[in-house]
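K.L.:
One structure, as structure tokens, below. Some questions next.
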Amino acid sequence: MGEISELFWNASIEEMKQGYVYDKANEVYVCLACGERFEQGRIYQIEDAWYEAEKYTRIHIVDKHISMFNYLINLNKKLTGLTDLQRSLITLFQNGLSDNEIVKELGSGSASTIRNHRFTLREKMKQAKVFLSIMELAEERPKNPASNFISIHRRATMIDERYNVTEEENDKVLRLYFKEGPDGPLSEFPRKEKRKIVILRHLIKNFDATKRYTEKEVNEIIKAVYADFVTIRRYFIEYGFMDRLDDCSAYWVKL
65 MGEISELFWN
75 ASIEEMKQGY
85 VYDKANEVYV
95 CLACGERFEQ
105 GRIYQIEDAW
115 YEAEKYTRIH
125 IVDKHISMFN
135 YLINLNKKLT
145 GLTDLQRSLI
155 TLFQNGLSDN
165 EIVKELGSGS
175 ASTIRNHRFT
185 LREKMKQAKV
195 FLSIMELAEE
205 RPKNPASNFI
215 SIHRRATMID
225 ERYNVTEEEN
235 DKVLRLYFKE
245 GPDGPLSEFP
255 RKEKRKIVIL
265 RHLIKNFDAT
275 KRYTEKEVNE
285 IIKAVYADFV
295 TIRRYFIEYG
305 FMDRLDDCSA
315 YWVKL
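Going by our numbering, the first residue of the sequence shown is number 65, and it counts up by one from there.
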């Protein structure tokens, strides 16, 4: 899970727009929306048609995620920085509606109000470009573990100060609770929220992000490092690291 999250956050704007990156080391195309991988050189079949890996990756994005616009616009508002109204307006803009058509669609406001929103959002885009350039230049300096924050998993149910954890803090927590090494066992499950995030983020790496598990399989993997598998499994769901079917017949990692 951590690997996919890093690929997403390290992707360029163009890669985010296209929805996938090429992992040269493993010779695979990786979908940024779900993490599914497609091997370079392999031919994929859809009914009577055959596609090389990159083309099939594009088809996968449309088939599974509708579009990258749809995926990105529906990310947590803490990640997009958009209000519900802004998200709705941008969706309507993307659909090609005129100002007057948007007024009818929303059932309120005026054409001049919509034009003001268009202007404000375009200014926000300009500011975002400048801010991105500033931060990328700042990040070019050697990274200090004491100030470099761990990545937030994209399906986090609530993004707040609990995720304000540096790599240095992350390593300290792991050493504190995995006294015999990172492979376990876990000595206890912490009460502090930040520490819970660190432990859950580490434990979810024991699961294959491309696989679906039965509840029994989930329990067995957790029990290998911590006896109270019910608590860990519950927090995996609650904190957005994992999802399941309503009847609990299948569990999977949320990327």
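A virtual CB, placed ideally from N, CA and C, is assigned to each residue, including glycine. Just so we're clear, the structure is a prediction, and the values are computed from it rather than from any experiment.
With C-beta atoms as the reference, is residue 248 less than 8 Å away from residue 289?
P.N.:
Yes, Cβ-Cβ distance for residue 248 and residue 289 is below 8 Å.
K.L.:
Could you check which residue in 107, 154 and 297 has the C-alpha nearest to that of residue 180?
P.N.:
Out of 107, 154 and 297, 154 has the C-alpha closest to the C-alpha of residue 180.
K.L.:
Does the beta-carbon distance from residue 94 to residue 104 come in below 8 Å?
P.N.:
Against a cut-off of 8 Å, the Cβ pair of residue 104 and residue 94 comes out as no contact.
K.L.:
Would you report the Cα separation of residue 187 and residue 194, rounded to the nearest angstrom?
P.N.:
Straight-line Cα distance between these residues: approximately 11 Å.
K.L.:
According to DSSP, simplified to helix, strand and coil, what is residue 103?
P.N.:
Strand at residue 103.
K.L.:
May I have the straight-line CA-CA distance separating residue 106 from residue 198, to the nearest angstrom?
P.N.:
Answer to the nearest angstrom: the Cα atoms are 40 Å apart.
K.L.:
Exposed or buried, residue 192, counting other C-beta atoms within 10 Å across all chains shown (16 or more means buried)?
P.N.:
Residue 192 comes out exposed.
K.L.:
Once the 5 residues before and after residue 163 are set aside, which same chain residues still bring their CB inside 7 Å of it?
P.N.:
These residues qualify, in order along the chain: 175, 178 and 179.
K.L.:
When DSSP labels each residue in this structure, what does residue 211 get in the three-state scheme?
P.N.:
Any reading at residue 211 must be qualified, since the residue scores a pLDDT of 49, below 50, and its modelled position is unreliable; the value itself is stated next. If DSSP states are grouped into helix, strand and coil, residue 211 belongs with coil.
K.L.:
Just checking my contact of residue 264 with residue 315 at CB under 8 Å: how many whole Å lie between their CB atoms?
P.N.:
Between residue 315 and residue 264 the Cβ distance is about 14 Å, and since that is not below 8 Å, they are no contact.
K.L.:
Thinking C-alpha only, which one of 299, 100 and 152 is nearest residue 266?
P.N.:
Comparing Cα-Cα distances from residue 266 to each of 299, 100 and 152, the minimum goes to 299.
K.L.:
Would you kindly work out how many angstroms separate the C-alpha atoms of residue 113 and residue 90, rounded to a whole number?
P.N.:
Distance between the alpha carbons of residue 113 and residue 90 is about 26 Å.
K.L.:
Which one of 73, 287, 189 and 275 has the shortest CA to CA distance from residue 306?
P.N.:
When only C-alpha atoms are compared, the closest one is 275.
K.L.:
Touching or not, the region 118–126 and the region 136–143, by the rule of three or more beta carbon pairs under 8 Å?
P.N.:
No, the region 118–126 does not touch the region 136–143.
K.L.:
Just checking residue 318 against the ligand ADP - is the residue's beta carbon closer than 7 Å to any of the ligand's heavy atoms?
P.N.:
The ligand ADP is not among the ligands present in this structure, which contains no ligands whatsoever.
K.L.:
Exposed or buried, residue 234, counting other C-beta atoms within 10 Å across all chains shown (16 or more means buried)?
P.N.:
It counts as buried.
K.L.:
Residues bridged to residue 274 by DSSP?
P.N.:
Bridge partners of residue 274: none, in fact.
K.L.:
Mind checking which residues open and close the alpha helix (DSSP H) that includes residue 237?
P.N.:
Taken as a continuous stretch (DSSP letters only), the alpha helix (DSSP H) holding residue 237 covers 231–241.
K.L.:
Compute the Euclidean distance between the alpha carbons of residue 157 and residue 183, then round it to the nearest angstrom.
P.N.:
Cα to Cα, the separation comes out at about 12 Å.
K.L.:
Per DSSP, what are the beta-bridge partners of residue 307 in this structure?
P.N.:
Answer is 316, bridged to residue 307.
K.L.:
Among 147, 243 and 258, which one has its Cα closest to the Cα of residue 231?
P.N.:
Considering only alpha carbons, the answer is 258.
K.L.:
If you draw a straight line from the C-alpha of residue 131 to the C-alpha of residue 80, how long is it?
P.N.:
Distance between the alpha carbons of residue 131 and residue 80 is about 11 Å.
K.L.:
What is the DSSP secondary structure of residue 292, reduced to helix, strand or coil?
P.N.:
Looking at residue 292 - three-state DSSP - the assignment turns out to be coil, as it is neither helix nor strand.
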